[in-house]
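S.K.: Residue numbers (this note's numbering): 12 to 315.
The structure follows.
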């Protein structure tokens, strides 16, 4: 085929440049210039017309032979691990597929290639992965749901309280960007900018505390004050004293026999009297013991 195009082109244009000839034959035949040049050179040297190279037929791989129905079944088996809160290792997945006589029996390497073709990626786990929880947390959640259900059946008003904060440097994470700007230098020469800058530093903010129910927020229940620290966590600003003062002021505004739901933030459960811990100094521990009427001696040491 290449030689036929070669001859036809020479007849049509005997004065054509050799490079242009190769390009025209390549375009007409759909074969690369390198192959065209090699074939014509061989023909000019030997005078024989060799068979033109044909595109090699791609042999289907083992992965190509797995149809969409089997792929979907394999995907379901992999996700079943996550539903059971198990980690789907490669060995476990392969064994699960092998145990199903209706699914193809793949080697380890073929199964890995199949996973990649199905858009599975072996990567670091993140917080969007399967949720595995401690048994005590599961029990606490069951207890909470049971109690809330009972309170609702009793017709009691349920209030929810929480805290958050608004930062002075908060801004939208999405912004319109001029995609024609290729670099800082390009922007400078065109008298433009690269994009809008984020505020430097978060700065101060407002800490907000409120309480409400299904009927809405409680009038007079808002606590809002300016943070004093340049911090990214509003929990650093809240303390037991501030929360207790606000909480005592809110209680008269609530309905009788109501229920208050709050999380377990440290300032929500401050003890009226702190018990000694390993971080206490020896002198403070002895003073605390003596205030309780316990006998102490100077030879006592802290228990590590």
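In this text, a Cβ means the ideal position worked out from N, Cα and C, and glycines have one as well.
Bear in mind the structure is a predicted one, so any value in this text is a computation, not a measurement.
Roughly how many angstroms separate the alpha carbons of residue 36 and residue 56, rounded to a whole number?
M.R.: For this step, residue 36 is matched to residue 25 along the chain shown. For this step, residue 56 is matched to residue 45 along the chain shown. Our two residues, residue 36 and residue 56, have alpha carbons roughly 18 Å apart in a direct line.
S.K.: Per the DSSP calculation, residue 172 is bridged to which residue(s)?
M.R.: What you label residue 172 is simply residue 161 of the chain shown in a count that begins at 1. DSSP lists 222 as partners of residue 172.
S.K.: Under the rule that 16 or more other beta-carbon atoms within 10 Å means buried, what is residue 151, buried or exposed?
M.R.: Start at 1 with the first residue of the chain shown, and residue 151 comes out as number 140. Looking at its Cβ environment, which holds fewer than 16 other Cβ atoms inside 10 Å, residue 151 is exposed.
S.K.: Among 229, 230, 280, 271, which residue has its Cα nearest to the Cα of residue 253?
M.R.: As a working mapping, residue 253 is identified with position 242 in the chain shown. Comparing Cα-Cα distances from residue 253 to each of 229, 230, 280, 271, the minimum goes to 280.
S.K.: In the structure shown, what three-state DSSP assignment does residue 42 receive?
M.R.: For this step, residue 42 is matched to residue 31 along the chain shown. The answer is coil: DSSP assigns residue 42 none of H, G, I, E or B.
S.K.: Should residue 119 and residue 98 be called a contact, given that it needs their Cβ atoms to be closer than 9 Å?
M.R.: Translated into positions along the chain shown, residue 119 becomes position 108. Translated into positions along the chain shown, residue 98 becomes position 87. Their beta carbons are not under 9 Å apart, which means residue 119 does not touch residue 98 by this criterion.
S.K.: Looking at C-alpha atoms only, which residue of 18, 107, 74 is the closest neighbour of residue 54?
M.R.: Taking the chain shown and counting its residues from 1, one reaches residue 54 at position 43. The residue with the shortest Cα to Cα distance from residue 54 is 18.
S.K.: Name the two residues that bound the continuous alpha helix (DSSP H) containing residue 16.
M.R.: Counting from 1 along the chain shown, the entry for residue 16 is found at position 5. Here the alpha helix (DSSP H) through residue 16 covers 13-23.
S.K.: According to the Cβ coordinates, are residue 167 and residue 268 closer than 9 Å?
M.R.: On the chain shown, position 156 is the one that residue 167 refers to. On the chain shown, position 257 is the one that residue 268 refers to. Cβ atoms of residue 167 and residue 268: closer than 9 Å.
S.K.: Hey, how far is the Cα of residue 142 from the Cα of residue 130?
M.R.: Position 131 of the chain shown, counted from the first residue, corresponds to residue 142. Position 119 of the chain shown, counted from the first residue, corresponds to residue 130. With a pLDDT of only 46 at residue 142, under 50, the local geometry of the prediction cannot be trusted, and the value read off the model is given with reservation. Each residue's Cα considered, the two are about 21 Å apart.
S.K.: DSSP three-state label for residue 158, please.
M.R.: Position 147 of the chain shown, counted from the first residue, corresponds to residue 158. Looking at residue 158 - three-state DSSP - the assignment turns out to be helix.
S.K.: Just to confirm, is the Cβ distance from residue 271 to residue 264 under 9 Å?
M.R.: Locating residue 271 in the chain shown gives position 260, where the first residue counts as 1. Locating residue 264 in the chain shown gives position 253, where the first residue counts as 1. No, these two residues do not count as a Cβ contact at 9 Å.
S.K.: Return helix, strand or coil for residue 131, following the three-state DSSP convention.
M.R.: Within the chain shown, numbered from 1, the residue matching residue 131 stands at position 120. If DSSP states are grouped into helix, strand and coil, residue 131 belongs with coil.
S.K.: What does a CB cutoff of less than 6 Å around residue 4 pick up in its chain, not counting 5 residues either side in sequence?
M.R.: As displayed, the chain neither begins before 12 nor continues past 315, which places residue 4 out of reach and without an answer.
S.K.: Determine which residues share a DSSP beta bridge with residue 270 and list them.
M.R.: Translated into positions along the chain shown, residue 270 becomes position 259. 169.
S.K.: In this structure, how does DSSP classify residue 250 when only helix, strand and coil are distinguished?
M.R.: Against the chain shown, residue 250 aligns to sequence position 239. For residue 250, the three-state secondary structure derived from DSSP is coil.
S.K.: Relative to the C-alpha of residue 215, which candidate in 225, 176, 298 has its C-alpha closest?
M.R.: For the purposes of this step, residue 215 is taken as the residue at position 204 of the chain shown. Residue 215 has its Cα closest to that of 176, out of 225, 176, 298.
S.K.: Could you compute how far the alpha carbon of residue 235 sits from the alpha carbon of residue 170?
M.R.: Start at 1 with the first residue of the chain shown, and residue 235 comes out as number 224. Start at 1 with the first residue of the chain shown, and residue 170 comes out as number 159. For residue 235 and residue 170, the distance between alpha carbons rounds to 19 Å.
S.K.: Apart from the five residues just before and just after residue 73, which ones in its own chain have a Cβ nearer than 7 Å to its Cβ?
M.R.: Indexing the chain shown from 1 puts residue 73 at position 62. Closer than 7 Å at Cβ, skipping near neighbours: 117, 121.
S.K.: Between 311, 291, 173, which has its C-alpha nearest residue 275's C-alpha?
M.R.: Within the chain shown, residue 275 is the residue found at index 264, counting from 1. Ranking 311, 291, 173 by Cα distance to residue 275 puts 173 first.
S.K.: Report the partner residues of residue 236 according to the DSSP bridge assignment.
M.R.: Locating residue 236 in the chain shown gives position 225, counting from the first residue. DSSP, once it has assigned bridges, lists 218 as partnering residue 236.
S.K.: For the alpha helix (DSSP H) that residue 193 lies in, which residues bound it at each end?
M.R.: Translated into positions along the chain shown, residue 193 becomes position 182. Note, residue 193: premise wrong, no alpha helix (DSSP H); not H, not E.
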